[in-house]
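The sequence shown lines up with residues -36 to -1, 1 to 1157 when you count with mature numbering (1 follows the signal peptide of the UniProt record, and there is no 0).
Below is one structure; the comments refer to it alone.
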Amino acid sequence: MNAPPKRLRHAPSRTAALTAAALGAALLAAPGAAAAQETDCTALGGNPIVDGLEAALETAAACDVEVRISERSGPYETLYATPAGQLHVLRTTDATQDYQDRGPADPALIEADGTLVQADSPVAFAFSGTDTGAPLMTTRAGALDWTGDQPVPAVDGSTARYEDLADGVDLTVEADISTTRLAFTVDSAEAWSALATGLSFAAEASVREYRGSIYTPHVVEPWEPATWEQTTTFTARDAAGAAHAVPLTVDAGAIAFDLDQAILDGAAFPLTLTTEWTHHLYGVHEWGAATSASPDTALFRGGAGLDAPYFEAAGQNADAVAGPYCDALADPTCTTEHEAALYWNFWRPNLTGLTPAASPETFTYAIDSAVFSVDAADGTACTAPDLGYSSVYRPSTKWSDLPGPGSRAAVSGTCLNGTAVYELDPVSGLSTGVSTTFAMTPSDETARFDGESARLDVYYDIGGAFTLSRPTCAENPAFQDESAVAYGNFSTSIWRPDLIDPGLTWTATVRDLDSGQTVFSTAPAEVADGVNPSAAVTLGDGHYEVKHQFISGTTGYTNSSTCEVVVDTDAPDLIEVDVPDGPYYDWDLLQVEVTVSDAQFPNGVNEVEVICRWAQSCSPRTVTLTAGDTATFSLRIDENPTPLYISAIDKAGNRTDSEYFYLPVTAPSNDYDTDGRQDLLAVRKSDGNLMFYGGKGDGAFENPVSLGAGWGGLDVVMAGDLTGDRYPDLLVRDKRTGRMYTYPGDGDGGFGARILSGTGWNAMGSYTSATDFDGDGDNDVIALAEAEAKLYMYPGNGDGTFGSRRAVATTRLDEWSTLENLTTAGDLNQDRIPDLLARDGTVDQYLAFYSDGNGGFEQVRSNLNASLLVDSDDGARYDQVTGGGDYTGDGWADIYAVDSRTGELVLRSYDQNLFEVWEDRVVGTGWNTLDLPVAFSDRTYDFFGDGPSDVVARSAADGVLHHYWGNGTGGFERSGWFSDALGGMNLIEAGGDLTADGYPDVLARTSGGVLYVYPGLGQGSLDADARIRIGGGWGAMSAIVSGQDYNGDGKVDIIAREAATGNLWLYPGTGTGSHGSRVLIGTGWNSMSLITAVGDLDHDGTADVLARRNSDDCMYFYAGKPTGGVKNGVKIGCGWDVMNAVAAVGDFNGDGHVDWVARHANGNLYLYKGNGAGSYSASAVIGTGWGGMDVIA
């Protein structure tokens, strides 16, 4: 008994067949196998075949022979079961294999219902026979027909000859297993004409010309691969042997040949037109060649329409040649060497449907080995050139149109017993596509083969013969709050282990993923059919990998299942719930940070879910932490109180205790139009209009809107919610009456009817509100009492009024009495308590006062010179500063300051260490024409910087300018030297802050008429060396006064009377000690004397002038105009002829009204106490012996 070539496992080779006698002897030596299967191995024959894979495996195992599977046994491809339980697929390019159990396929033509068909072939051709009306040839793709009736052919084996299809036209058909050779013979040009248009093809799908051939696809189901039929190119040969490629066209099935007329004219008839009609089908493998000697000729299966294979006809003793060779057809003398290439197409085998019905799973097939081999031609030496890959070879392939090279590397071969053998890589050696095409392209060596002998042997491991329900991971990693970690617990169903014994064993290994160490493992155990045992190992908290390994000792199958488990028995801890401290304003958006800790977190896999509940506006409601330890929630303050509930749970289900919060709500501090952004209000100096600046949320503001006039004589402070209605209010002091009013906000950017909050407030200096300083939920007022050198808190009642004040700081003069520009700055030091900011006039620096939350202040931070305002020069430069919280939404306190030199509004933000978050940002211009919402202290005449106004006077005896310190209550505290550099000056006047450096300056004129500014140093002295020359020609002026801003541009101006004309001129200041172009503001002023720039006597927000009329010796009050002039004078007192000097001193007695001093002829110095209405209430002697002074300023 002979068997097909058998392959030893893992060592592929072609071996000799076992004989029946040898097989019988083997079974005698081991009778158990045959007996067990009850198989008569001696009856199998030389090429065993059975039905189905299961039976084939049984027989192969019992008889130790490869056994064909009947339904997969064909002429070109056969599937075998092997004794080792593998699948062997043998593919050949010649139909040399048995067709199922019927032996070799038989292409002989036999009569069937009037047509000729092949006797036994898997690829069907049919030809017209006695039924002359039938198509000439019928295939799966359609029917080839002749225009007229066909004659009844003469049949000889697989050949049919049709004589006289037309006059002079004969046809010979040579049928093979998958191809048919068509040879048309014509005896004249007229007969050629009949043939050229006599054929047509009725296709099931379509038909077309393709590179000189006829191409027609099969009709296939959507899930089936594409297959088709194709001819080789058509070749015409005449009686003299001349050959020519014949072009053709196919139009709607009509086939037309177009041979050049010159060829026809020179042809030696008879002329033969040949082609091969081929099937491209699964299970039909092909080969072909191409040669440079005949570049337009297709050599499908070695043929070219000749009586012999092309290469044999060309003088080679082989039908397949690769590499250089001599072609006797093209060059009988072999003057030129030609090149040849070979190609083999192997379709992918159809392995579906082999799985036995009883198998628990569909079988899978993995290539174990693959070998391509081809025999050397008889009588030639074997040569094994490199075997490459290419795109698919087609029957129409010619040298002029070779397939493209493949992407895989060529394979080296060896010659074994006259056969070139190539062992292919099991992974990359075969295409994963529909087919694999091997190629031997031109090289330096010549190889001669029997082209039809090529074969491809592929052995497959059969998988899926068992079902393995491996442990699955419900989650990966899985988290558990118990220490017992399970392993095992899988099941199997093994199909026929007697045929395909998987030889499965399993192990379980547990590895600590943090340390990488194996902490537990099992010994290999057999995998039995059915449910396998389960167990558990106790582990400490940690992150583990549980790996089950499955290995087949017989097939080499390996597989594994890996799951991760986190054992976590500890609950997470809430380390901190960071809720920003209040006050909380309606619709505020808070960022709540929750810091957690867990023994198993973070470790890259564990998660802690932090939960925010109860608060309906907590977003998100949960935060899942995979790294880091902080979860952030956005909490919208939308109810009073707003509840907050925080808890955490880890992935193992361990839960923390919860923390609860209830957040009381007040209205947003400065959001006057309730759009969620902080706003700013300011008073326009020029007309006293209250201007509303809607915040944009980024520190800048919308265009202003006027809320009405009449605010010029008032101190305006943005106070937050004083009335408990959640809308921010204004706290306004009427400087005429000393009354304090609350203007309740309406939430739309406007205000309701004012509420009287208190009286006697002119006795206080700067004040501020906007926050709850004592922590009782109501906004309070902090105010400076400069005369007492104390800081007071007025606790809010929640209705716009305040309770009894109490001192919150009692340090003396060198601190509190020197402060001004007090404002609430927000939480500067990030301790959740709003703080204060104020300017120290003695050094011109802004200081931060940290609130302790109980109405007191724990410390004074003076290092703002390193962060807020860089040095004392900056402290003076920014003469208006206001706070109010976070205007940019970045969580840091913001400060707005007006640059007195440029009028720019500058925004600065600070971190908890009072370092700037960013550099100055200019957010507006022209702000020197506005008063920020802060109560100012007038320091125009405070030469020492200690708070109260002072007086300077020059001694006529020695020319020394003396400094008289005011005590803040209408008298003097002491006196001292001020300067000895002004003895030669004929005019000295208190100039206010002409240089915009924060210190009051002095104007002085020389006898030559040159006017100078002497910059004040703020500590009771002048800087004579730094004096600034204003200009010459000032001797023409009979009066020069200064110290006030008369045109509302934020800079101190000069007023002067021209002696020659009596005109009164305004010289607008520039803030640098110089002035702009003068403006005429009055005439006829030669009738006046004792002209004084007294300040704002009537609290209307503009500076006024006092002057004595010489004609009646009465004092007149000239109210200032916002645009720079003065109104008509109003008499406020007579008998002023006894006074010979008048000087402005600001609020000298601390009652909130502007005062002035006058010297009597008797040398007494009188204080005239302003009443806030443009006049005075009383006068009092505050000094004697002043007659020795020739200048009082």
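Beta carbons are placed, not taken as given, at the ideal position from N, Cα and C, and that holds for glycine.
The structure presented is a predicted model; accordingly, all values stated were derived computationally and were not measured.
Classified as exposed, V886 has fewer than 16 neighbouring CB atoms from the shown chains inside 10 Å of its CB. In the three-state reduction of the DSSP assignment, L21 falls in the helix class, which pools H, G and I. In the three-state DSSP reduction, Q114 falls in the coil class, being neither helix nor strand.
For the 8 angstroms CB-CB criterion, G352 and T405 form a contact.
Just measuring C-alpha positions, the residue of D222, D906, A341 sitting nearest L986 is D906.
Apart from the 5 residues on each side of it in sequence, A90 sits with its Cβ closer than 6 angstroms to the Cβ of T79, V81, T102 in its chain, given in chain order. With a cutoff of 8 angstroms on beta-carbon distance, G677 and H1063 are scored as near each other. As DSSP reads the structure, F233 sits in no beta bridge.
Counting other Cβ atoms within 10 Å of its Cβ, N726 reaches 16 or more and is therefore classed as buried.
Ranked by Cα distance from V391, the options A190, A330, A262, E446 are led by A330. Nearest C-alpha to W941 among P12, G849, H926: H926. Distances from the CA of G996 to each of L975, S1002, Y1010, L981 were compared; the closest alpha carbon is that of L975.
For E154, the three-state secondary structure derived from DSSP is helix.
As the crow flies, the alpha-carbon of Y174 is around 8 angstroms from that of S360. Going by DSSP, F430 is part of the beta strand (DSSP E) stretching over 430 to 433.
Taking a C-beta distance under 8 angstroms as the contact criterion, A857 and V870 do not qualify as a contact pair. Note that the region 119 to 127 touches the region 62 to 77; at least 3 beta-carbon pairs, one per stretch, sit closer than 8 angstroms. D295 places its beta carbon 8 angstroms or farther from that of P234.
The alpha-carbon separation between E325 and L223 amounts to approximately 60 angstroms. Comparing C-alpha distances from T788 to each of G848, A749, G741 shows the shortest one belongs to G848. Burial check for K1015: the Cβ neighbour count within 10 Å reaches 16 or more, so the residue is buried.
For K1091, the number of other beta carbons within 10 angstroms of its own is below 16, and it is reported as exposed.
When Cβ pairs closer than 8 angstroms are counted between the two stretches, the region 1092 to 1106 is seen to touch the region 1039 to 1054, the count reaching three or more.
Scanning the region 967 to 1036 from its first residue to its last, the whole beta strand (DSSP E) runs of 3-plus residues come out as 975 to 978, 992 to 995, 1001 to 1008, 1017 to 1022, 1028 to 1031.
Ranked by Cα distance from T1036, the options A277, P288, T959 are led by T959. Looking from the CA of G714, the closest CA among W110, G672, E540 belongs to G672. Between the alpha carbons of A209 and P273 lies a distance of about 17 angstroms. By the criterion of at least three beta-carbon pairs nearer than 8 angstroms, the region 358 to 374 is not in contact with the region 280 to 297.
Collapsing the DSSP output to three states places N309 in a strand. Straight-line spacing of the CA atoms in G205 and A257 works out to 16 angstroms.
The count of Cβ pairs closer than 8 angstroms, one atom from the region 214 to 222 and one from the region 242 to 258, stays below three, leaving the stretches out of contact. Scanning R104, L100, E490, E416 for the CA closest to the CA of D113 turns up L100. The beta carbon of T723 lies closer than 8 angstroms to those of T701, G702, R703, M704 in the same chain, with the five residues before and after it left out. In this structure, the alpha-carbon of T456 lies about 28 angstroms from that of I33.
As the crow flies, the alpha-carbon of P259 is around 12 angstroms from that of A268. Contact check between the region 1014 to 1032 and the region 1041 to 1051: three or more CB pairs, one atom from each, fall below 8 angstroms, which counts as touching.
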